[in-house]
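Participant: Under full-length UniProt numbering, the first residue of the sequence shown carries the number 1, and numbering increases by one thereafter. Cβ atoms here follow ideal geometry from the backbone N, Cα and C, with glycine treated the same way.
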Amino acid sequence: METIRKYGKQPFQIGLLHGGPGASGEMKPIAENLSCDFGILEFLQSEKSVNGQIEELHNQLTSCADLPAILIGYSWGAWLGFLFASRYQDLVKKLIIISSGAFESKYNNDLMSIRLSRLNPQDRKEAERLISDINSDGSDNEILKRFGKLMTIADSYDYLSADNDPVDLDLTIYQSVWAEASRLRETNELINCADKIKCPVVAIHGNYDSHPIDGVEKPLSEKLGDFKMIQIENCGHIPWRERVAKDTFFEILRNELY
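1) Using a Cβ-Cβ cut-off of 8 angstroms (strictly less than) and excluding sequence neighbours within five positions of residue 115, which residues of its own chain qualify?
2) DSSP puts residue 39 in a beta bridge; with which residues?
3) Under a Cβ-count criterion, where at least 16 other Cβ atoms within 10 Å of its own Cβ denotes burial, should residue 231 be classed as buried or exposed?
4) Three or more C-beta pairs closer than 8 angstroms, one from the stretch 74–91 and one from the stretch 193–206: is that the case here?
5) Provide the residue span of the alpha helix (DSSP H) that contains residue 271, from first to last.
6) Give the straight-line distance between the Cα atoms of residue 90 and residue 198, rounded to the nearest whole angstrom.
7) Which same chain residues end up closer than 8 angstroms to residue 254 when comparing Cβ atoms and leaving out the 5 residues on each side of it in sequence?
8) Do residue 11 and residue 66 come within 8 angstroms of each other at the CB atom, strictly closer than that value?
9) To which residues of the same chain is residue 104 closer than 6 angstroms at the C-beta, ignoring the five residues directly before and after it?
10) So, are the CB atoms of residue 45 and residue 53 less than 8 angstroms apart?
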């Protein structure tokens, strides 16, 4: 399986981490946009455990990146980059986290309620059925993909659809990695990793994102010595797919890379 895609020219000092878990390929639009100015590595995670993905990323980075690198993690990839920067401090010179989930469980209680409230009655009923399917053994990648589309509707301010969907969803990875990652948050092991992070951390978050910005800004500002939160107006969970906010998003991202 291909797990590294290269864009642009050397030096390759910027690595992109997708969300999901198991949504490999979704960072392709960012890679293509940034590759006009930077050498970009898009990493596709294939391991089915949190530790497996951390070590897979270590192998990917050390095999082809010009170290130390800047990691850009989206959604689950934000957590992965966070965990990686805690374990391999000398390999990461900056961590940029986009649309991260809350780092402490107490901020996350209303996430699904917010999402479902933003859907019309028909979509809400379908989403509730899909949640039940995903939590059982009877689901498949197509069910996860449909659920993801409904959540995109709920999470977006003004979604700009794409002609081609670059995402290759893997339900097995999602179920196994997310169950473990969720426990890391519940036990505070996730946020406590901040104690070992040495590099600057920048969070970029849309003000319409269903994932609470306080769940990122408050824990990280308390724990990290060098942390900055950048909030984007009229922006949901996928900034590069927002009609109003995408240009602002890329401008902010470039400014953090120069």
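Facilitator: Taking the coordinates as given:
1) 127, 151, 154, 155, 210
2) 12
3) exposed
4) yes
5) There is no way to answer for residue 271, as the model of the chain reaches only from 1 to 258.
6) 8 angstroms
7) 34, 37
8) yes
9) 191, 219
10) yes
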